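Line by line, the protein sequences give chains A and B. Taking my numbering, the leading residue of the first sequence gets 23, the next gets one more, and so forth. Taking my numbering, the leading residue of the second sequence gets 4, the next gets one more, and so forth. First comes the structure, then the notes that go with it.
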Amino acid sequence: SAVISQKPSRDICQRGTSLTIQCQVDSQVTMMFWYRQQPGQSLTLIATANQGSEATYESGFVIDKFPISRPNLTFSTLTVSNMSPEDSSIYLCSAQWSTDTQYFGPGTRLTVL
Amino acid sequence: AQKITQTQPGMFVQEKEAVTLDCTYDTSDQSYGLFWYKQPSSGEMIFLIYQGSYDEQNATEGRYSLNFQKARKSANLVISASQLGDSAMYFCAITNTGGFKTIFGAGTRLFVKA
Numbered sequence: 023s024a025v026i027s028q029k030p031s032r033d034i035c036q037r038g039t040s041l042t043i044q045c046q047v048d049s050q051v052t053m054m055f056w057y058r059q060q061p062g063q064s065l066t067l068i069a070t071a072n073q074g075s076e077a078t079y080e081s082g083f084v085i086d087k088f089p090i091s092r093p094n095l096t097f098s099t100l101t102v103s104n105m106s107p108e109d110s111s112i113y114l115c116s117a118q119w120s121t122d123t124q125y126f127g128p129g130t131r132l133t134v135l
Numbered sequence: 004a005q006k007i008t009q010t011q012p013g014m015f016v017q018e019k020e021a022v023t024l025d026c027t028y029d030t031s032d033q034s035y036g037l038f039w040y041k042q043p044s045s046g047e048m049i050f051l052i053y054q055g056s057y058d059e060q061n062a063t064e065g066r067y068s069l070n071f072q073k074a075r076k077s078a079n080l081v082i083s084a085s086q087l088g089d090s091a092m093y094f095c096a097i098t099n100t101g102g103f104k105t106i107f108g109a110g111t112r113l114f115v116k117a
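The structure is reproduced here in structure tokens:
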């Protein structure tokens with residue numbers, strides 16, 4: 023299976039600040055995604071990170087709040103902007119090489135005070 | 004639109020026994036895939052098993068098997084010989100084979116008793 027790493031693994035941030043989460047994959051992949059998991063909830067897709075073009079956002083998520091970069095086929099970043107306590111969640115990136123192969127990074131546990 | 008329903012918020016099983024976690028789905032796609040993931044308290048999502056909609060055989064991976072009943076739109080996970088380390092949240096998910104967008108169910112928390 024692929025190795026997917028995320029940095030930071032956890033962080034505690036003050037409201038109004040921004041945090042950028044990095045996701046690195048050990049082999050090239052076309053499809054990368056960002057998910058949010060609020061406390062006690064399931065995973066919700068934030069956006070598809072497209073290489074070389076703007077990310078595709080799901081309903082309820084906007085680029086100004088969650089800007090995403092995808093400079094190449096092994097790396098992506100998600101920024102959580104102007105944070106509030108409601109943004110406290112686990113943020114997970116995933117990579118999918120084919121229909122039957124989707125793996126997740128270890129997640130970033132974010133707490134906003 | 005695709006939807007996953009997991010009706011069991013929590014399940015208990017005795018160590019070494021088998022347990023079935025339920026998952027039903029709804030989709031208008033003819034071609035799709037079904038995943039099961041395990042999420043321990045550490046928060047990572049661990050891939051367990053995958054079933055394609057056109058696969059005729061039920062998927063198996065070690066102690067995990069997927070009871071796929073296409074006509075009933077169900078994809079239940081069976082864990083045989085439960086171990087204490089199986090205590091975790093389990094998520095069922097569906098993906099369409101076109102855009103790879105994946106939708107997750109609410110999850111089932113499994114408790115394995117010694």
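C-beta: ideal position from N, C-alpha, C; glycine also. Just so we're clear, the structure is a prediction, and the values are computed from it rather than from any experiment.
Does any CB atom of chain A fall closer than 7 Å to the CB of Phe71(B)?
So, not an interface residue.
Applying the 10 Å Cβ sphere with the 16-neighbour rule, what's the burial state of Phe15(B)?
Exposed: under 16 other Cβ atoms inside 10 Å.
Are any of the Cβ atoms in chain B nearer than 7 Å to that of Phe83(A)?
No - not a single Cβ of chain B is within 7 Å of the one on Phe83(A).
Considering only the alpha carbon of each residue, which of Thr23(B), Lys76(B), Phe114(B) lies closest to Ile97(B)?
Checked all of Thr23(B), Lys76(B), Phe114(B); the closest Cα to Ile97(B) is Lys76(B).
Cβ of Phe88(A) within 7 Å of any chain B Cβ:
With 7 Å as the cut-off, Phe88(A) does not count as an interface residue toward chain B.
With DSSP collapsed to three states, give me the class of Pro128(A).
Note: Pro128(A) maps to coil in three-state DSSP.
Beta carbon of Ala84(B), beta carbon of Lys41(B): below 7 Å?
Cβ atoms of Ala84(B) and Lys41(B): not closer than 7 Å.
Using 8 Å for Cβ pairs, my map puts Ile43(A) next to Ala69(A). What's the rounded Cβ distance?
At roughly 13 Å, the Cβ-Cβ gap does not stay under 8 Å, so Ile43(A) and Ala69(A) are not in contact.
Grab me the residues of Ser27(A)'s own chain with a C-beta within less than 6 Å of its C-beta, minus the 5 sequence neighbours each way, in chain order.
Cβ neighbours of Ser27(A) beyond the five flanking positions: Gln46.
Name the chain A residues that come within less than 8 Å of Thr100(B), Cβ to Cβ?
Within chain A, the residues near Thr100(B) are Thr121.
Going by C-alpha to C-alpha distance, which of Tyr113(A), Ala77(A), Asp48(A) sits closest to Gln60(A)?
That would be Tyr113(A), whose Cα lies nearest to the Cα of Gln60(A).
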